Amino acid sequence: MRLILMTGKGGVGKTSMAAATGLRCAELGYKTLVLSTDPAHSLADSFDIALGHEPKEVCDNLWGAELDALQELEQNWGMVKRYITEVLQARGLDGVQAEELAILPGMDEIFGLVRVFRHHKEGDFDVLIIDSAPTGTALRLLSIPEVAGWYMRRLYKPLEKVAMYLRPFVEPIFRPIAGFSLPDKKMMDVPYEFYEKIDALGKILTDHMVTSVRLVTNPEKMVIKESLRAHAYLSLYDISVDLVISNRIIPDEVTDPYFQYWKENQITYRKEIIDNFAPLPVKEVPLYSREICGMAALEKLKELLYGTEDPAQVYFSKNTFNIQQTKEGFTLELSVPGIPKEQIQLSKNGDELNIRIGNHRRNMVLPQVLATLKTTGAEMLDDSLVIRFVE
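Residue numbers (this note's numbering): 239 to 629.
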């Protein structure tokens, strides 16, 4: 299965791009699903057809769906939710409050990942296109496999072993006092089984020949800056961006003086997009004179965007990190395009290298050849962070 994720700052047109991409893939004979994981769904409006949680046929070879986080929660997290509700009710909260608080913050993003994994595992579609949430939320979603692995290795599994050992001794005393039971092994296994699905998807997300992110941007300063940061953060998590779509270019035939300032600025920003994202390919899409809703409008957008091309192809593939042996030891080269060195923080703990850029952190498990070595500094070479390791 080919997996394509469309993301970008809110309002840049990523849903329209996802829908048009799905339409072209279906036209080429690929069995295609466009899935919206954005909490503020607009995919149904783009197709101008009612959509729900389960895939619904839009036209030949094309299906659409909008993730319902509550349904995914019940399927994957129902047992844990009921236990947390029981605990909260025992502490004095009423039923409605307990039910609401049992849904932990960020669970909708996690369920989006689980849904993607299920479709990939079932293999019912040739191409899965994700109309994801705006950039910040999408980055949190894509970083979950990396972050979840750290917590599971360091905290959850040791805690589970201790809890299972102590439970027979503590439960007879604990239950009458607290008003609820300690979790049993079946309950404790649910989060780990959940994590195993996310971990498996993490391997799919970092396979550059399977998964690609396509950044949708506009020729505006703030939008470009956010897109560049997103590209750097995705590189940090070793997730490939294979294409940039620059949307809402004011056409030459628009000569109204009202748009003159915007057109002049766009000349500068269009060049910035091409230069700053190089060597990534950039596609430009003109500003429509009306909103893109319905199949007729999407047909036109599909032609402008891809022409005779196959959208399922990998437009650009390059590893975001590389290990080289040197006379002194080894270097680890990590692509972090557009990020100044002073914004990067590094630390090493055992076989893990902690890399922090702003609010985003990656705990990179080092290969054995580097795990026993110590770091002796780092430097920026073009858009790559080069970290040195010695005995």
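We put the CB at the ideal spot given by N, CA and C, even for glycine. Computed from a prediction, not measured in an experiment: that's the story for all the values here.
Discussion item. Helix, strand or coil for residue 360? Go by DSSP, reduced to three states.
Written reply: Within the sequence shown, numbered from 1, the residue matching residue 360 stands at position 122. It is helical.
Fill in: Rounded separation between residue 430 and residue 578 - CA only
Counting from 1 along the sequence shown, the entry for residue 430 is found at position 192. Counting from 1 along the sequence shown, the entry for residue 578 is found at position 340. Straight-line Cα distance between these residues: approximately 37 Å.
Item to complete: In the DSSP assignment, find the unbroken alpha helix (DSSP H) run with residue 504 in it and report its ends.
Response: Within the sequence shown, numbered from 1, the residue matching residue 504 stands at position 266. 498-515 is the span of the alpha helix (DSSP H), which, as asked, contains residue 504.
Worksheet entry | Presumed contact (8 Å Cβ cut-off) between residue 552 and residue 450, rounded CB distance | On the sequence shown, position 314 is the one that residue 552 refers to. On the sequence shown, position 212 is the one that residue 450 refers to. By a beta-carbon distance limit of 8 Å, residue 552 contacts residue 450. Their separation comes to about 6 Å.
Discussion item. Quick check: residue 291 and residue 276, are their CB atoms within less than 7 Å of each other?
Written reply: Sequence index remark: in the sequence shown, residue 291 carries index 53 (1-based). Sequence index remark: in the sequence shown, residue 276 carries index 38 (1-based). Against a cut-off of 7 Å, the Cβ pair of residue 276 and residue 291 comes out as no contact.
Discussion item. Can you tell me where the beta strand (DSSP E) holding residue 569 begins and where it ends?
Written reply: Working through the sequence shown from its first residue, we reach residue 569 at position 331. Per DSSP, residue 569 belongs to the beta strand (DSSP E) from 567-573.
Discussion item. Taking the alpha helix (DSSP H) that residue 265 belongs to, which residues open and close that run?
Written reply: Working through the sequence shown from its first residue, we reach residue 265 at position 27. 252-265 is the span of the alpha helix (DSSP H), which, as asked, contains residue 265.
Worksheet item: For residue 460, which residues does DSSP report across the bridge?
Response: Start at 1 with the first residue of the sequence shown, and residue 460 comes out as number 222. Paired residue(s): none; residue 460 is not in a bridge.
Fill in: Whole-angstrom C-beta distance between residue 260 and residue 367, which should lie under 8 Å
Start at 1 with the first residue of the sequence shown, and residue 367 comes out as number 129. Start at 1 with the first residue of the sequence shown, and residue 260 comes out as number 22. Contact holds; Cβ gap of about 5 Å.
Practice prompt. Measure from the alpha carbon of residue 607 to the alpha carbon of each residue in 484, 455, 252 and 561, then state which is nearest.
Written response: Position 369 of the sequence shown holds residue 607. Closest by alpha carbon: 561.
Worksheet item: For residue 599, which residues of its own chain have a beta-carbon under 6 Å away from its beta-carbon, when the five flanking residues on both sides are left out?
Response: Within the sequence shown, numbered from 1, the residue matching residue 599 stands at position 361. Result list for residue 599: empty, nothing under 6 Å.
Discussion item. Looking at the secondary structure, which residues open and close the beta strand (DSSP E) in which residue 274 lies?
Written reply: For the purposes of this step, residue 274 is taken as residue 36 along the sequence shown, with counting starting at 1. 270-274 is the extent of the beta strand (DSSP E) around residue 274.
Worksheet item: Who are the near neighbours of residue 616 in its chain, counting only those whose CB is closer than 8 Å to its CB and skipping five residues on each side?
Response: Against the sequence shown, residue 616 aligns to sequence position 378. Within the same chain, 579, 582, 584, 623, 624, 625 and 626 come within 8 Å of residue 616 by CB-CB distance, once the 5 residues on both sides are set aside.
Fill in: Per DSSP, cross-strand counterpart(s) of residue 627
For the purposes of this step, residue 627 is taken as residue 389 along the sequence shown, with counting starting at 1. Answer by DSSP bridge pairing, in chain order: 568 and 613.
Worksheet item: If we ignore side chains and look at the alpha-carbon of each, how far apart do residue 371 and residue 282 end up?
Response: If you number the sequence shown from 1, residue 371 lands on position 133. If you number the sequence shown from 1, residue 282 lands on position 44. Distance from the CA atom of residue 371 to the CA atom of residue 282, rounded to whole angstroms, is 15 Å.
Discussion item. Could you compute how far the alpha carbon of residue 248 sits from the alpha carbon of residue 542?
Written reply: The sequence position of residue 248 within the sequence shown is 10, counting from 1. The sequence position of residue 542 within the sequence shown is 304, counting from 1. Residue 248 and residue 542 have their C-alpha atoms some 22 Å from each other.
Worksheet item: In the DSSP assignment, what residue or residues form a beta bridge with residue 369?
Response: Translated into positions along the sequence shown, residue 369 becomes position 131. Bridge partners of residue 369: 244 and 274.
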